[in-house]
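Take a look at the structure:
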């Protein structure tokens, strides 16, 4: 079956611009997660959705970052006034129930480069 | 603060040998650990998990050992194959919320033919 998909696969933008990154989770998965992975590092948690609501957004670095999941399926991570330090791979994952003990399935990521 | 880290950044093994990848964690309240494999250009892929009420769990060619006394986790890969070449991360669900995985930096495993 189809896994988690993310678009675009690569995004190059200029400092100060606005970007949107999209995640299509596995069909039927209740929970959706966003992580950010810098070069040579492990993924860092950003935000986690249960259905349409953000159950935990403690990992969002500042108010330039925002994520939505209006219908409980597709999610969009939005970054305003991008900075060079935002350059990273943004990973999305989904899981069946989001209890914490169910497997998180990761997408291939979106590589964001801020010039 | 809380951290999950790895002892060695790189590991090179001969094809057919066994590989051991280590991980240390600092949060004694952590109760669930996962090993992920990440190939270049791909997202992390679940390998095996273990809960804190266990000290060993086996999968296909992989074994995870948990030593709660010294807060140490290891992943053993038997008969390592070229397809095992990747970066391996341990992760901890001790972040305080369901789904908030805390990842270590990773160990890059290279398998020599």
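Protein chains in written order, with the working numbering: chain E, 1 to 115; chain V, 1 to 113. Note that beta-carbon positions come from the ideal geometry of N, C-alpha and C, so glycine has one too. Please read all numbers here as calculations on a predicted model, not as lab measurements.
Interface flag, residue i vs chain E, CB-CB below 8 Å
i                      : result
residue 59 of chain V  : no
residue 7 of chain V   : The predicted model places residue 7 of chain V with a pLDDT of 48, which falls under 50 and marks its position as unreliable, so this point remains unresolved.
residue 1 of chain V   : Annotation note: pLDDT 32 at residue 1 of chain V (below 50); position unreliable, no value reported.
residue 75 of chain V  : no
residue 104 of chain V : yes
residue 83 of chain V  : no
residue 11 of chain V  : no
residue 53 of chain V  : no
residue 101 of chain V : yes
residue 44 of chain V  : yes
Same chain, Cβ closer than 7 Å to residue i, neighbours up to 5 away in sequence not counted
i                     : result
residue 22 of chain E : 6, 7, 74, 76
residue 29 of chain E : 94, 95, 96
residue 88 of chain E : 36, 37, 38, 112
residue 25 of chain V : 4, 71, 73, 92
CB contact below 8 Å: residue i versus chain V
i                      : result
residue 113 of chain E : no
residue 66 of chain E  : no
residue 108 of chain E : yes
residue 80 of chain E  : no
residue 33 of chain E  : yes
residue 90 of chain E  : no
residue 8 of chain E   : no
Nonlocal neighbours in the same chain, by C-beta distance under 8 Å from residue i, ignoring five residues either side
i                      : result
residue 52 of chain E  : 69, 70, 71, 72
residue 112 of chain V : 12, 13, 14, 15
residue 45 of chain V  : 36, 37, 38, 39
residue 26 of chain E  : 1, 2, 3, 4, 94, 105
Option in the options with minimal Cα separation from residue i
i                      : options                   : result
residue 115 of chain E : E/85, E/4, E/14           : E/14
residue 43 of chain E  : V/110, V/109, V/90, V/108 : V/90
residue 112 of chain E : E/63, E/18, E/50          : E/18
residue 106 of chain E : V/22, V/47, V/23, V/24    : V/47
residue 22 of chain V  : V/75, V/50, V/51, V/104   : V/75
residue 79 of chain V  : V/41, V/68, V/62          : V/62
residue 100 of chain V : E/46, E/20, E/41, E/16    : E/46
residue 83 of chain E  : E/91, E/67, E/63, E/99    : E/63
residue 78 of chain E  : E/87, E/31, E/66, E/86    : E/66
residue 27 of chain V  : V/57, V/52, V/42, V/43    : V/52
residue 86 of chain E  : E/50, E/110, E/31         : E/110
Cutoff 6 Å; reference residue i; Cβ partners in own chain excluding five residues on either side
i                      : result
residue 12 of chain E  : 113
residue 108 of chain V : 10, 87
residue 24 of chain E  : 5, 74
residue 73 of chain V  : 23, 33, 66, 90
residue 59 of chain V  : 48
residue 48 of chain E  : 33, 55, 56
Task: Stretch pair the region 30-37 of chain V + the region 84-94 of chain V: three plus CB contacts closer than 8 Å - done: yes
Task: Three CB pairs or more closer than 8 Å across the region 17-36 of chain V and the region 44-61 of chain E - done: no
Open item on the list: Three or more C-beta pairs under 8 Å: does that hold for the region 22-33 of chain V against the region 36-45 of chain E?
Closed with: no
TODO: Name, going along the chain, the residues of the region 31-42 of chain V whose beta-carbon falls closer than 9 Å to a beta-carbon of chain E.
DONE: 32, 34, 36, 38, 41, 42
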